[in-house]
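Reviewing the structure listed below.
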Amino acid sequence: MSVSLNAAQREAVEYDAGPLAVLAGPGTGKTRVIVHRVAHMIEKRGVAPERICALTFTNKAAEEMRDRLSTLVGGPAADGVHAGTFHSFGLRLLGRFADLAGLPPRPQIMDSAQQRRLIRSLVVEHRLFAHALGGGLESIVRDALRAISDMRNAGLEPPEAQDRLDQLLGDAKIEPGPRAELGRFADHVRLFALFDRACMKRGLITIDELITRPTRLLNEHTLVRDICRHDYAHVVVDEFQDLNAGQIRLLIALCGPGRPDLCVVGDDDQAIYAFRGADEYAFLRFQDAWPDAHRVLLTENWRSGAAVIDCANAIIGASPVRFAPDKVVAPPREQANLPSCVEMVCCDDDPQSEEAIAAMVLLDRQACPERAWKDYAVLARTNTEVERIAGALELEGIPVLVLRSPNAAEDEGVQDLLAWISLVLEPEQTWAARRLLSRPPFGVDPLRLGRCERAWQAEASRLGAGQHMPPIIQWMCDRYAEEPSLAPHVQRVSHLAQTFAASASSESADRTVQRIIIEGGLVHADLPGGRIRARRVESLVAALRFVRERLDRLEQPRDLAAFWRYYNDLDDSEKGFTSLLDASVSGPESQGLGDEGGVRVLTAHASKGLEFDTVFLPRCYPPHGYPRTMKQDAPVTPEAVVRDRAAPPLIEEERRVFYVACTRAMRRLVMLGKMPKKPGPTNLVFLLIGAGLCVQQKGDDILARAAEEGLGRFARRGEVSELDRLPSASRREVLARARQRVRLEASLALDAADRADASTEEVLRVAQRLSDAARMLACVASLEADQTPSPEILAGNVGFAEQIRAELKGLAKVAGGNLFCAPRPPLHLSFTTINAYLRCPRCYYVTHVLQLPEPVLAPVRVGAVVHMALERFYTRWRDAEADGKPTPGLDALLTFGREAFADAHHVDEPLDAGEQMQVLAQLQTVFEHMHDAGAEPLELERKIEFDYVHNAVKHRMVAKIDRIDRGPAGLRIIDYKTGSASKRLLEPKPDDLQLGLYAIALEHLYGAEGLTGTAEYWLTAEGQVGILRLSEIDRLAVHEQIATAINGILGGHFERDPRGCNGACAILDAVSRAE
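Remember, the numbering used here sits 212 above the position in the sequence shown when you count from 1.
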């Protein structure tokens, strides 16, 4: 383990006398301390890794912790540590103690649609909120969702919430206004209790209950509390300031009073998530729970220069609500004299600020060509600002990498998918037809479509009573049947809509969505640049994965219409086609930045944990920037119900956001905005100017200097045409579509001339159309070459240019690269992943890189249930033999089968009698034809993890073995196969990948080579066994297969199986055809 720690860091790492709070200022090595503390526990204190619980705020932080830890203590020890988010920890506890929690073994986490539907029914059934019905039921449901979440985040259970409300209403000191507000809130508290009981009855939980239910378990059950305090005796918490009150309550219940080995690390000066429920008083609550806790301050900032640090200290030092007001960050002695600067650029407006940022980047790159684009970052306050600033930088030819939470729903292809669904299910909605016809591969003029839509609406408005207007697509088919520029496209859309409608009426939602993606050509193989297509594919696969994973939440018959109702019931925050749990425990930073070139543009909140050489902060003035001081919406939940301390003024959180943004800078910090006219509590920059902590400049002077140096468009200021203002990185897709439309127009013109009866006048018109098309193509070529089209080319094409500009909105900002993005090492390998790659590399890419699950078919579920039942049976068998008790028989096995079958279904999911009969038949076959009464099971459903080294790179291999027995001839590996028999399974060859990999795993498990025994496939449907002796396994051949897969995956080789494949890779058919 590395020992290069300063005195404070070492104290935090080695302290072992009880609770410890580490207050880590920015750049002081917070993560380093956490990782070294865990490593010190393992290597110096002799703590077993599996008794260490490291709780983080995001999934990415947990992954980073495991990666760093593995370099210090090795992969196996690092994997033994329980590192994860609070939500994943809570889910683990609920799964472990499901019976005591009153939950099924696999509780379903409710999404907002399920919650909304349940709350809607409870409000109506119990006639709640009579005083608010005038505002509509949906408004009541929206507020109720927020109120329940507020109470959960505060760690309140329904009885406690009711007690608090009763106490407040009984307080004679409460003024009439607040008292009336509390009275109106009474129905929310009652609904909270009804909702909690209904969820318990259905075996459902919300995301918030992954915190409150485990807390309840620990508080109510001494057995659970004792087990957990033993198993998780050593706890480390990262980003403690971001916890909400409910998470802090869980921590208190887990660790208990006294002197637990608990270390919390964070910085209250960087608490910026109050809007998401974080408790600004987290460290005070820690102090309340453990008054004698030790405190360590980390104040040596190894990231930023002295000027940046002085600026940051001045900002946060003015706050009156700091937990440790004596904490002052400083550079280490050896870095105190390194060059750094803080600048304030005064600009007239936001557009000038954006231009000034671009100019300063170009000027700095000119002075220091070795500085990489990724060394610059712009930290805005909102995603809207991020997009606008990124466009302004691209306008100057500066490469940009926008960092924001991945949202597949914003992809143009996914928007097309949603449009197709709407067109099929809601044909009266005109927006869907308009969008699809204007998009590739149709490319109909949007202005023309607008005129058609207005004509349809005008005709519909003149209909009398009892008359019905046909859907717009059908109407257009009839109305424009003779127009060659429109009819083919409308007819094609109409035909596809009918095809998809037929699928929607007879197939499950996921199959219809997959059909739309493939047959609708949504991948758009005509897009330039592999990376744009790769992102399109990723987004479409994410959408299909979302539909497939949510099938069991849909109303019967789980078709497209059921999905559309469900989707429209979701909160907007859950419509991004991401995993429910991932979306709840991952911050924007979870996406990662990687090493891609480009100036980083992101929000201040997304910048937590990141650092850059140069940081630009636009809009350093109220009310929309640093700080944001707009009036907040009135809270649904009265503060007194969920808080025991008054919330600090909003400006204090805004001050901390500004502090976090400033401390991302290493060498140079540049603030931009209007010059404040006078000091005030919201003019945060004024303090810095008054203290002489920043150098002032004018935006005009910077732009003039860039023009003098001949940089970018600044050298041609005043000479730039409107078309030249198109962002270069985002216009590639637009230009490709423009070319397609022009060529289509040229093709239609030639078709018009290709007639024996064409008159001279018609031929001349065709020639004019071809001439226009040629000029439009030249216009597109000029734009692509970053040149201003000549007046001759622009003549008559102004509308064409304006249309291109209109289509630029919302396009992706990055292009280029390969369609298939190779994963970075180390890989997580298993028989499933290796075999999938060897069978069809492209299917592997879809299912394991893009993570599209296979449809859940009856054979798959039968197999899972048979495995579960056999595991329970042989666990009981092993325990009975160990205790000298009678071993279970066939009746017990069949009982386990019925129970496992029920557990594999959700409470409201109907059971398929045919599937259950199949399960029981296979279990009976196993008992009567394969079960050995003398069997000695050693391991059941054993997961073996080990490092697999290939080309000097350590990958992580996982082998999941159904059963390992000990017998007179040695070990017996058993793998259950519940499908049909085959020669490969009945007569396994020496190079059998699965059995060979299991044999290698056993050697790692038992630390010995040359193990004796057999590896067997048990075909549970047939009662037959395929046997291969361990001594016969050709390990070299197995290693060669593994090497082939690793080399192919890391090399980005994801070709389709040349023998043909109808698997998951079918979704990429559009791309394959283009290739």
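No residue lacks a Cβ here, since even glycine has one placed at the ideal position from N, Cα and C.
Quantities reported herein were computed from a predicted structural model and do not represent experimental measurements.
Give the DSSP bridge partners of Ile1156, in chain order. Taking the first residue of the sequence shown as position 1, residue 1156 is located at position 944. Note: Ile1156 sits in a beta bridge opposite Ala1171.
Buried or exposed: Gln710, going by 16 or more other Cβ atoms within 10 Å of its Cβ? If you number the sequence shown from 1, residue 710 lands on position 498. Result: exposed.
Tell me, to the nearest whole angstrom, how far the beta carbon of Thr511 is from that of Gly241; I am working on the premise that it is less than 8 Å. Numbered from 1 along the sequence shown, position 299 holds the residue referred to as residue 511. Numbered from 1 along the sequence shown, position 29 holds the residue referred to as residue 241. Not really, about 11 Å apart at Cβ, beyond 8 Å.
Would you list, in sequence order, the uninterrupted alpha helix (DSSP H) runs of no fewer than 4 residues that lie entirely inside the segment 348-395? 349-365 and 370-381
What separation, rounded to the nearest whole angstrom, lies between the Cα atoms of Phe1043 and Arg1271? In the sequence shown, the residue the question calls residue 1043 occupies position 831. In the sequence shown, the residue the question calls residue 1271 occupies position 1059. Answer to the nearest angstrom: the Cα atoms are 22 Å apart.
Should Gly655 be labelled buried (16 or more other beta-carbon atoms within 10 Å of its own) or exposed? In the sequence shown, counting from the first residue as 1, residue 655 sits at position 443. By the neighbour-count rule (16 or more Cβ atoms within 10 Å), Gly655 is buried.
CA-CA distance, Glu255 and Val449? Taking the sequence shown and counting its residues from 1, the one referred to as residue 255 is at position 43. Taking the sequence shown and counting its residues from 1, the one referred to as residue 449 is at position 237. One C-alpha to the other measures close to 20 Å.
Continuous alpha helix (DSSP H) assignments of at least 4 residues falling wholly in the segment 637-672: 642-650
Flag Ala1125 as yes when its Cβ comes closer than 7 Å to any non-hydrogen atom of the ligand MG, and as no otherwise. As for the ligand MG, it is missing from this structure, which has no ligand bound.
Contact between the segment 1031-1051 and the segment 1152-1171: three or more CB pairs below 8 Å? yes
From Arg831 to Ala602, what does the alpha carbon distance come to, in whole angstroms? Your numbering for residue 831 matches position 619 in the sequence shown. Your numbering for residue 602 matches position 390 in the sequence shown. If you take the alpha carbons of Arg831 and Ala602, they lie about 15 Å apart.
Between Cys1277, Ile264 and Ile1261, which has its C-alpha nearest Arg1268's C-alpha? Here residue 1268 corresponds to residue number 1056 of the sequence shown, with the count starting at 1. The candidate whose alpha carbon is nearest that of Arg1268 is Cys1277.
For Gln679, is the classification buried or exposed, using 16 other Cβ atoms within 10 angstroms of its Cβ as the cut-off for buried? In the sequence shown, counting from the first residue as 1, residue 679 sits at position 467. With fewer than 16 Cβ atoms within 10 Å of its Cβ, Gln679 is classed as exposed.
In three-state DSSP terms, what is Met842? Translated into positions along the sequence shown, residue 842 becomes position 630. Of the three classes helix, strand and coil, the one that applies to Met842 here is coil, per DSSP.
Tyr227 (DSSP reduced to helix, strand or coil): On the sequence shown, residue 227 is found 15 positions in, with the first residue counted as 1. Tyr227 falls in the coil class under three-state DSSP.
Just checking, does the segment 262-274 make contact with the segment 385-396 on the three C-beta pairs under 8 Å criterion? no
Segment limits, beta strand (DSSP E) that includes Phe828: Start at 1 with the first residue of the sequence shown, and residue 828 comes out as number 616. Phe824 to Leu829 is the span of the beta strand (DSSP E), which, as asked, contains Phe828.
Grab the span of the beta strand (DSSP E) containing Ala773 for me, first residue to last. Locating residue 773 in the sequence shown gives position 561, counting from the first residue. It is not in any beta strand (DSSP E) - Ala773 instead sits in the alpha helix (DSSP H) that spans Leu772 to Asp781.
Can you tell me whether Ser216 is helix, strand or coil according to DSSP? Locating residue 216 in the sequence shown gives position 4, counting from the first residue. If DSSP states are grouped into helix, strand and coil, Ser216 belongs with coil.
Going by DSSP, name the residue or residues bridged to Cys558. Residue 558 sits at position 346 when you count from the first residue of the sequence shown. Note: Cys558 sits in a beta bridge opposite Gly885 and Lys910.
In or out: Gln578 buried (at least 16 other Cβ within 10 Å) or exposed? Counted from its first residue, the sequence shown places residue 578 at position 366. With fewer than 16 other Cβ atoms within 10 Å, it is exposed.
By alpha-carbon positions, which one of Asp1174, Asp1124, Gly1208 and Ala1220 ends up nearest to Arg1247? Taking the sequence shown and counting its residues from 1, the one referred to as residue 1247 is at position 1035. It is Gly1208 whose Cα lies nearest to the Cα of Arg1247.
Got a sec? Which residues, its chain only, sit under 6 Å from Lys886 by beta carbon, not counting five neighbours each side? Reading the sequence shown from its first residue, position 674 is the one you call residue 886. Excluding sequence neighbours, Lys886 sits near Tyr833.
Looking at the secondary structure, which residues open and close the beta strand (DSSP E) in which Cys475 lies? Residue mapping note: residue 475 aligns to position 263 of the sequence shown, counting from 1. It spans Asp473 to Gly478 - the beta strand (DSSP E) in which Cys475 sits, taken as one unbroken run.
Which residues in the same chain have their Cβ closer than 6 Å to the Cβ of Met322, if we skip the five residues on either side of it in sequence? The residue you call residue 322 lines up with position 110 of the sequence shown. Contacts found: Leu416 and Thr418.
Would Leu550 be called buried (16 or more neighbouring beta carbons within 10 Å of its own) or exposed? By 1-based counting over the sequence shown, the position of residue 550 is 338. Burial state of Leu550 is exposed, judged by a 10 Å Cβ sphere holding fewer than 16 other Cβ atoms.
Ordered list of beta strand (DSSP E) runs contained in the segment 1100-1149, each at least 3 residues: none
Look up Gly810 in the DSSP assignment and say whether it is helix, strand or coil. For the purposes of this step, residue 810 is identified with residue 598 of the sequence shown, where counting begins at 1. Gly810: coil per DSSP, three-state reduction.
Output needed for Leu1132: all residues of its chain with C-beta closer than 8 Å, excluding positions within five of it in sequence on either side, in chain order. Along the sequence shown, read from residue 1 onward, the residue named residue 1132 stands at position 920. Counting only Cβ-Cβ distances below 8 Å, and skipping sequence neighbours, we find Leu1106, Gly1109 and Arg1110.
Which parts of the segment 1039-1085 are runs of the beta strand (DSSP E), unbroken and 3 residues or longer, counting only runs that do not cross its ends? Entirely contained in the segment 1039-1085, the beta strand (DSSP E) runs reaching 3 residues are, in chain order, 1040-1042.
Does the count of Cβ pairs from the segment 667-687 and the segment 636-647 closer than 8 Å reach three? Judged by Cβ distances under 8 Å, the segment 667-687 makes contact with the segment 636-647, as three or more pairs qualify.
Use the C-beta contact count for His248: other C-beta atoms within 10 angstroms, 16 or more gives buried, fewer gives exposed. By one-based count along the sequence shown, residue 248 stands at place 36. Counting Cβ neighbours within 10 Å, His248 comes out buried, since at least 16 surround it.
Alpha helix (DSSP H) segments (min. 4 residues) lying fully within the segment 1182-1221: 1195-1198 and 1205-1218
Note down the Cα distance separating Ala1024 from Ala985, rounded to an integer number of angstroms. Numbered from its first residue, the sequence shown carries residue 1024 at position 812. Numbered from its first residue, the sequence shown carries residue 985 at position 773. Residue placement at Ala1024 is flagged as unreliable, the pLDDT there being 33, under the threshold of 50; a coordinate-derived value is accordingly withheld.
Unbroken beta strand (DSSP E) run spanning Cys265, endpoints: Against the sequence shown, residue 265 aligns to sequence position 53. Annotation: the continuous beta strand (DSSP E) that includes Cys265 extends over Ile264 to Thr268.
Gly367 to Arg666, Cα distance in whole Å? Numbered from 1 along the sequence shown, position 155 holds the residue referred to as residue 367. Numbered from 1 along the sequence shown, position 454 holds the residue referred to as residue 666. Each residue's alpha carbon lies about 54 Å from the other.
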